[in-house]
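**Student:** Numbered according to mature numbering (1 follows the signal peptide of the UniProt record, and there is no 0), the sequence shown spans residues -21 to -1, 1 to 306.
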Amino acid sequence: MLRRKFLAASFGTMASAMAPASIQCNGQLFTGAALAFGTTVSVSVVHDDQRQAVAAIRDALDQATRIDRLMSIYNPASQVFQLNRDGVLEQPDPHLLLVLRQAHALSELTRGAFDITVQPLWQAYRAAADQSALPTPQQRRRAKLRMGWRRLAFSSERVSLGKPGAAITLNGLAQGYAADLAMAAVHARGIEHALLDTGEFSAHGNNGAQHPWTLGLLHPRDADALAAVIRPGARCVATSGDYASTFTPDFSHHHIFDPATGDSPTELASVTVVAPTALLADGLSTAFMVMGARKAHALAKTLPAVDLMTINKRGVVWRSPAFPTAA
């Protein structure tokens, strides 16, 4: 699930990767990490009670790893894996249902630019890449015939993909939802100052030095440069780009697909979304990549507390007026 290149610069330096569920303390700043979503997820909290801080971090990491186990497309024990294998799923988990409802709402909002049923396209590109090739137009057409977010049916009793060979991916939502649940777990322990990184970021309060959490956004074409430094406040951040998982060296074919064309969108190199929830930021960052800059910025204007930064393939940067760039 290597969807994003994102740098957490929350307290001046990048946090080092730690062993699963490890916790470290630096004064009143406590950090912990675990493996989930194919990467390292981390939790940083500021609190004067070590016992509560450690408990909050463990609770948050438990939430993140739980969502990974539930929604992974690779783990045979996950409900999403079982749904893709069988075409139907009985007695879906309430968390899965909530994310499916959000996916449906985003598909309606974006007129299909966001579509969790694009997994057959990923499978076609992955199979072709194993032969150092791209899918043929015929292979893309066959994959598109298995897609369609309107065919996906779900209720508290059953989920159905609606067509043989169909499959979903929640890679554009699961990490954001995990960040939201993890932050709720931290708040439940009475902790106000926290930064969570599940691949999407959720920030509240400050970093222990009475300064707001600060995030550096890597440039989509220069891994040693920052495109922006931001202070999201009590909002969440997600970045999608054409560089994290590519099928061609020129970034023209990558892991994000336009459901209408069966290929990767052509305009943007990256999109960063700041939104009230990580689930929303996660989904919108993918949808906006597909929609392109003009439509993305127009839609963002209609959504409360949503800001974005787009960078196109020529390097042109466009920020919404309230995008929280650090001074």
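From the three backbone atoms N, C-alpha and C, an ideal C-beta is built for every residue, glycine too.
#1: Which residue's Cα is closest to the Cα of Ala305: Thr218, Ser231 and Leu196?
#2: With distances taken from CA atoms, which of Thr89, Ser23 and Val59 is nearest Gln7?
#3: Helix or strand or just coil, what does DSSP make of Met288?
#4: For the region 226 to 233 against the region 272 to 279, do three or more pairs of beta-carbon atoms, one drawn from each stretch, fall closer than 8 Å, so that the two count as touching?
#5: Look at the Cβ atom of Leu100, then the Cβ atom of Ala122, and state whether they are nearer than 7 Å.
#6: Under a three-way DSSP split, which group does Trp297 fall into?
#7: Where Ala266 and Arg105 are concerned, what is the direct C-alpha to C-alpha distance, given to the nearest angstrom?
#8: Are there three or more Cβ pairs, one per stretch, closer than 8 Å when the region 203 to 212 is compared with the region 178 to 191?
#9: In the DSSP output, what is Glu69 paired with across the bridge?
#10: Enumerate in chain order the residues of its own chain whose CB-to-CB distance from Asp159 is below 6 Å, with the five nearest sequence positions on each side excluded.
#11: Per DSSP, Val191 forms a beta bridge with which residues?
#12: What's the gap between the Cα of Lys(-17) and the Cα of Leu79?
#13: Around the C-beta of Asp237, are 16 or more other C-beta atoms found within 10 angstroms, so that it is buried, or is it exposed?
**Tutor:** So, to answer that:
#1: The shortest CA-to-CA distance from Ala305 to any of Thr218, Ser231 and Leu196 is the one to Leu196.
#2: Comparing Cα-Cα distances from Gln7 to each of Thr89, Ser23 and Val59, the minimum goes to Ser23.
#3: Met288: strand per DSSP, three-state reduction.
#4: The region 226 to 233 vs the region 272 to 279: no contact.
#5: In contact: Leu100 and Ala122 (Cβ atoms closer than 7 Å).
#6: Taken through DSSP and simplified to helix, strand or coil, Trp297 comes out as strand.
#7: Straight-line Cα distance between these residues: approximately 21 Å.
#8: Segments in contact, yes.
#9: Arg137, per the DSSP bridge assignment.
#10: Only residues of its own chain outside the window of five on either side were considered, and among them Thr256, Ala257 and Leu258 have a CB closer than 6 Å to the CB of Asp159, listed in chain order.
#11: Correcting the residue type first, residue 191 is Pro in the shown sequence and not Val. Residue pairing from DSSP places Pro191 in a beta bridge opposite Asn185.
#12: Because Lys(-17) sits at a pLDDT of 35, beneath the cut-off of 50, its placement in the model cannot be relied upon, and the following sentence gives the value as read from the coordinates. A direct Cα-to-Cα measurement between Lys(-17) and Leu79 gives close to 26 Å.
#13: Residue environment for Asp237: buried (at least 16 other C-beta atoms within 10 angstroms of its C-beta).
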